[in-house]
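Participant: So the sequences go chain by chain: A and B. So that you can map any letter, position 54 of the first sequence is 53 in numbering that gives the first Met the number 0, and since no number is skipped, the others follow by simple counting. So that you can map any letter, position 444 of the second sequence is 443 in numbering that gives the first Met the number 0, and since no number is skipped, the others follow by simple counting. For each residue, glycine too, the CB sits at the ideal point set by N, CA and C. The structure's right below; bear with me while I get my questions together.
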Amino acid sequence: MLSQRKQKTNPNAIVAADALVCEEATLEGSITIGANCVVHPKAGIYAKDGPIVIGQGNIIEEQTRIINRNPPGVTGSSPLIIGNCNTFEVGSEFEGKSLGNNNVLEAKARVGPNTTLSNSCVIGAGCHVNTEEILPENTIICGDNYLRRINNDKLPSQTPQLDFLKKILPNYHFLVKPNKPA
Amino acid sequence: MASLLQVDRVQYVFDVDTQDSQSLSRLYFCIYCLGLRSSHNLLHEDDSHFCPQALDSLASAEAVSRKNKCSNSWRCPACLHTLSTRATSTISPPTTDSNKPTVKTVYYQSCTFCRWSTRSVGIDDKEVANDAWMEKENPSLPRINKLLEYYKYLEHKEKVEQARKSPIKKELMSVTMQLKQKYTSSKHSPGKKSMFGDSLSGALSSLRLKDVSSLKDVSIDASSTLALDDVEKLNTDVYKPVQFTAMTSTAQRLDQPGNQIIECSDLAPRRSQMFMKQSLRCKICDHNIIKPEYSPTSIKFKIHLIALNHIPDIRISKPSTLRAGERCQFVLSITNPTEHVIHATFLPMEETKHEINAKIELPTCDIVVGKFDDAAEFVDQLTSTNNTDDASIIAFRRGNKVGFYVHCTPDPALSPGDNVWVGMRFKHEHYGSAPLALLLKGGEVEKEPEPNWLTHSVFINLGKIQSSLE
Ligand SMILES: [Zn+2]
Ligand SMILES: [Zn+2]
Chain A
0 MLSQRKQKTN PNAIVAADAL VCEEATLEGS ITIGANCVVH PKAGIYAKDG PIVIGQGNII
60 EEQTRIINRN PPGVTGSSPL IIGNCNTFEV GSEFEGKSLG NNNVLEAKAR VGPNTTLSNS
120 CVIGAGCHVN TEEILPENTI ICGDNYLRRI NNDKLPSQTP QLDFLKKILP NYHFLVKPNK
180 PA
Chain B
0 MASLLQVDRV QYVFDVDTQD SQSLSRLYFC IYCLGLRSSH NLLHEDDSHF CPQALDSLAS
60 AEAVSRKNKC SNSWRCPACL HTLSTRATST ISPPTTDSNK PTVKTVYYQS CTFCRWSTRS
120 VGIDDKEVAN DAWMEKENPS LPRINKLLEY YKYLEHKEKV EQARKSPIKK ELMSVTMQLK
180 QKYTSSKHSP GKKSMFGDSL SGALSSLRLK DVSSLKDVSI DASSTLALDD VEKLNTDVYK
240 PVQFTAMTST AQRLDQPGNQ IIECSDLAPR RSQMFMKQSL RCKICDHNII KPEYSPTSIK
300 FKIHLIALNH IPDIRISKPS TLRAGERCQF VLSITNPTEH VIHATFLPME ETKHEINAKI
360 ELPTCDIVVG KFDDAAEFVD QLTSTNNTDD ASIIAFRRGN KVGFYVHCTP DPALSPGDNV
420 WVGMRFKHEH YGSAPLALLL KGGEVEKEPE PNWLTHSVFI NLGKIQSSLE
């Protein structure tokens, strides 16, 4: 229990009023979590070399790692800014430069430090992407061969899932108290 | 060296005349004529076609008429995964009849794996969940139909001429007849999904021999040819950088050979292909060797006469270093799958067409192999040790498996890297087929049957010659 208490006292973690952050999640460094976000237990957000700012309505599932770390040879503390309504599925890892809105990182997907995701991109399950580029909007990468496609359809909304989680999670987990200055 | 799964290293001869051989695990055993059979010398019959997704089954003729495709299940054209139907409600604007906007449920198909959906290529949502979807038509279909009509005409013509001359012999069947057989009945194309022939077979199946007098002349247009000068000039667009996210991959194109789609925006859902349950029949005695259960949900067999259940399995148990001209010792194992104790006698290989490049010294006495016992693995293995075994012959004994020593001398002329092949025959008694055969026929078993003695020729790849430096 002691290790869980520690997070409450992370003075640099700012959690918005109606965000739902489980106590068992790891928040390290200067982190801002926006309204309506859900952070599952055992997710890890590590602001090592700069702050991480997470927008609204993001779902961050178990075993996810979101890291802001400078590549070797780079100094400074640039923030990692994550937009709204992104989904980080179980075991995914994001170490990229920035992330727009409505992106999905499927289970065990990994985005390395060279890649930036724009909006409505999907990194398929198990795909590791670390190319020096900004993925255009609606890019879908999936499968063994990392087949790319531009999706012309809207991705389904995550709102029902968010509502469900906000109903269920508080029944089984301790939550980090919101501390965003009003 | 791991030889556990290297089943191809021990080859059983299944055809005495041609000396064709195969791994025991790929062979069948006819308990009626007591012979090994490979899938090549068995008669393949398709029992039923079924869809592994929708789990519905069809008779062969019906499956052919439906072009071997399932009517309920669809496949993603982007990743070839199964598509799922999604329901969603939309609000349509108020019409003149009613002032309120109406809410209705519409359906579209989407792939849970790659997130492709019918909406992404602009296919309209449907108001009913099933039956509303259409497959893209093969652009060459009119031409294919025309050709089929022509072949039908040729077939009739040939048939009339044949009938005039002599009764048709199977060997002299005309090319069109063979084509028809090949594509209309899948008896002759066992286990293969007919990718290329599906539209062909569908149309062909509708052809039935009609009265010869009703035959009318059919002519087809030859495919058009162009002089080089008349060929359209290359579009300069091809030099533009390729937008590869908008282009289909080779796998996607080959998935729909009829209309090889180039741009992703033209992808359309495909019907899932049906799978086939097939039974195998001995060509000599006409008995079933393999007969699956009809139900598509069942993976069991009514008759399942695979060789591994009847014939002792010989494997390399312990390999040894092979050097050209040097005598070395191996351990082979023999496993008895039957419920009778058997005596295996090893005999030298006779003249064979197979390449043999080493001399083998086999055990000179019988080897007794215990019977297969379901409970054996729960019993202390040591109790089953037979103390009368000659330790210079028997390496180990575990239940129904016996390891025995053989010695081998590869030919001195072999060079490092060459495969060493030895040949041998072995004889063992075979019980149980007669009562089993009787049981399958519905008869009564009376007494302990007399064993039949079976002799098998076996080729073994002992490994590669090592260089003398190692
Ligand atoms: Zn797909
Ligand atoms: Zn037979």
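Classify A/Q160 as buried or exposed, calling it buried when 16 or more other Cβ atoms lie within 10 Å of its own Cβ.
Facilitator: Taking the first residue of the first sequence as 1, we reach residue 160 of chain A at position 161. Classification of A/Q160: exposed, given that the 10 Å Cβ count is below 16.
Participant: Tell me whether B/C263, by its Cβ, gets closer than 6 Å to a heavy atom of ligand 1.
Facilitator: Counting from 1 along the second sequence, the entry for residue 263 of chain B is found at position 264. No.
Participant: Taking C-beta pairs closer than 9 Å, name the residues in chain B that A/N85 reaches, listed in chain order.
Facilitator: As a working mapping, residue 85 of chain A is identified with position 86 in the first sequence. The CB of A/N85 never comes closer than 9 Å to any CB in chain B; the least such distance is about 15 Å.
Participant: Would you mind working out which of B/K158, B/R270 and B/S59 sits nearest B/S70, comparing C-alpha positions?
Facilitator: What you label residue 70 of chain B is simply residue 71 of the second sequence in a count that begins at 1. Comparing Cα-Cα distances from B/S70 to each of B/K158, B/R270 and B/S59, the minimum goes to B/R270.
Participant: Taking Cβ-Cβ distances below 8 Å as the criterion, which residues of the segment 119-140 of chain B are in contact with chain D?
Facilitator: You won't find chain D in this structure, because its protein chains are A and B.
Participant: Residue ranges of each beta strand (DSSP E) run of no fewer than 3 residues wholly in the segment 35-120 of chain A, ordered along the chain?
Facilitator: 43-46, 51-53, 64-67, 79-81 and 114-116
Participant: Determine the chain B residues that contact A/D152 at a beta-carbon separation under 7 Å, and present them in chain order.
Facilitator: Here residue 152 of chain A refers to the residue found at position 153 when the first sequence is read from its first residue. By Cβ distance, chain B contributes S116, R118 and S119.
Participant: Can you round the beta-carbon distance between A/V52 and A/P78 to whole angstroms, since I take them to be within the 8 Å contact cut?
Facilitator: Stepping through the first sequence from its first residue, residue 52 of chain A is reached at position 53. Stepping through the first sequence from its first residue, residue 78 of chain A is reached at position 79. The pair is a contact, with the Cβ atoms about 6 Å apart (cut-off 8 Å).
Participant: Please work out which residues of its chain come closer than 6 Å, Cβ to Cβ, to A/I66, disregarding the five sequence neighbours upstream and downstream, and give them in chain order.
Facilitator: Walking along the first sequence from the start, residue 66 of chain A turns up at place 67. Taking C-beta separations shorter than 6 Å and ignoring five residues to either side along the sequence, the partners of A/I66 in its chain run Y45 and E94, following chain order.
Participant: Any beta carbon of chain A sitting closer than 7 Å to that of B/S248?
Facilitator: As a working note, residue 248 of chain B is residue 249 in the second sequence. Yes, B/S248 lies at the interface with chain A (some Cβ there is under 7 Å from its Cβ).
Participant: Between B/N258 and the rest of its own chain, which residues show a CB-CB distance below 7 Å, the 5 nearest in sequence each way excluded?
Facilitator: Taking the first residue of the second sequence as position 1, residue 258 of chain B is located at position 259. Contacts found: K135, N137 and P138.
Participant: Ordered along the chain, which non-local residues of its own chain (more than five positions away) have a Cβ less than 8 Å from that of B/Q465?
Facilitator: Translated into the one-based positions of the second sequence, residue 465 of chain B becomes position 466. The residues are T320, L321, R322 and P415.
Participant: Of all residues in the structure, which have a C-beta closer than 5 Å to any heavy atom of ligand 2, taken in chain order?
Facilitator: Taken from the N-terminal end onward, the list reads B/C29, B/Y31, B/C32, B/C281, B/I283 and B/C284.
Participant: Measuring only the C-alpha atoms, how far is B/S119 from B/K299?
Facilitator: Taking the second sequence and counting its residues from 1, the one referred to as residue 119 of chain B is at position 120. Taking the second sequence and counting its residues from 1, the one referred to as residue 299 of chain B is at position 300. In a straight line, the C-alpha of B/S119 is about 41 Å away from that of B/K299.
Participant: Please state the DSSP three-state secondary structure of A/P135.
Facilitator: For the purposes of this step, residue 135 of chain A is taken as the residue at position 136 of the first sequence. Reduced to three states, the DSSP call for A/P135 is coil.
Participant: What does the alpha-carbon distance come out to for the pair B/E154 and B/L140?
Facilitator: Within the second sequence, numbered from 1, the residue matching residue 154 of chain B stands at position 155. Within the second sequence, numbered from 1, the residue matching residue 140 of chain B stands at position 141. Taking the straight line from one Cα to the other gives about 21 Å.
Participant: Run the CB neighbour count on B/A202, radius 10 Å, all protein chains shown included, and call it buried at 16 or more, exposed below.
Facilitator: Here residue 202 of chain B refers to the residue found at position 203 when the second sequence is read from its first residue. Summary for B/A202: the model assigns pLDDT 48, below 50, so the residue's position carries little reliability; its value from the coordinates is reported in the next sentence. Counting Cβ neighbours within 10 Å, B/A202 comes out buried, since at least 16 surround it.
Participant: Does any residue of chain B bring its CB to less than 7 Å from the CB of A/G142?
Facilitator: Residue mapping note: residue 142 of chain A aligns to position 143 of the first sequence, counting from 1. For A/G142, the answer is yes, since a Cβ of chain B falls inside 7 Å of its Cβ.
Participant: Along the chain, where does the beta strand (DSSP E) containing B/L35 start, and where does it finish?
Facilitator: Counting from 1 along the second sequence, the entry for residue 35 of chain B is found at position 36. Its beta strand (DSSP E) spans residues G34 to R36.
Participant: Taking B/S59 as the reference, which of B/K66, B/S47, B/Q52 and B/P51 has the closest Cα?
Facilitator: Residue mapping note: residue 59 of chain B aligns to position 60 of the second sequence, counting from 1. Measuring from the Cα of B/S59, the nearest candidate turns out to be B/S47.
Participant: Between B/C75 and ligand 1, is there a pair consisting of the residue's CB and a ligand heavy atom that are separated by less than 6 Å?
Facilitator: Along the second sequence, read from residue 1 onward, the residue named residue 75 of chain B stands at position 76. B/C75: yes, Cβ under 6 Å from ligand 1.
Participant: Compute the beta-carbon to beta-carbon distance between B/S456 and B/V12, rounded to the nearest angstrom, for a pair I have assumed lies under 8 Å.
Facilitator: Walking along the second sequence from the start, residue 456 of chain B turns up at place 457. Walking along the second sequence from the start, residue 12 of chain B turns up at place 13. Right, their Cβ atoms sit about 4 Å apart.
Participant: Which residues of chain A have a Cβ atom closer than 8 Å to the Cβ of B/A77, listed in chain order?
Facilitator: Here the question's residue 77 of chain B lines up with position 78 in the second sequence. Chain A residues near B/A77: L146 and R148.
Participant: In angstroms, rounded to a whole number, what distance separates the CA positions of B/A374 and B/I305?
Facilitator: Position 375 of the second sequence, counted from the start, is the residue given in the question as residue 374 of chain B. Position 306 of the second sequence, counted from the start, is the residue given in the question as residue 305 of chain B. In a straight line, the C-alpha of B/A374 is about 22 Å away from that of B/I305.
Participant: Give the interface partners of A/I133 over in chain B, defined as CB-CB distance under 8 Å, in chain order.
Facilitator: Position 134 of the first sequence, counted from the start, is the residue given in the question as residue 133 of chain A. In chain order: nothing, as chain B lies at least about 14 Å away.
Participant: Alpha carbon to alpha carbon, what distance is there between B/V421 and B/G196?
Facilitator: Translated into positions along the second sequence, residue 196 of chain B becomes position 197. Translated into positions along the second sequence, residue 421 of chain B becomes position 422. Caution applies to B/G196, whose pLDDT of 45 falls short of 50 and renders its modelled position unreliable; the value that the coordinates give is listed next. Answer to the nearest angstrom: the Cα atoms are 44 Å apart.
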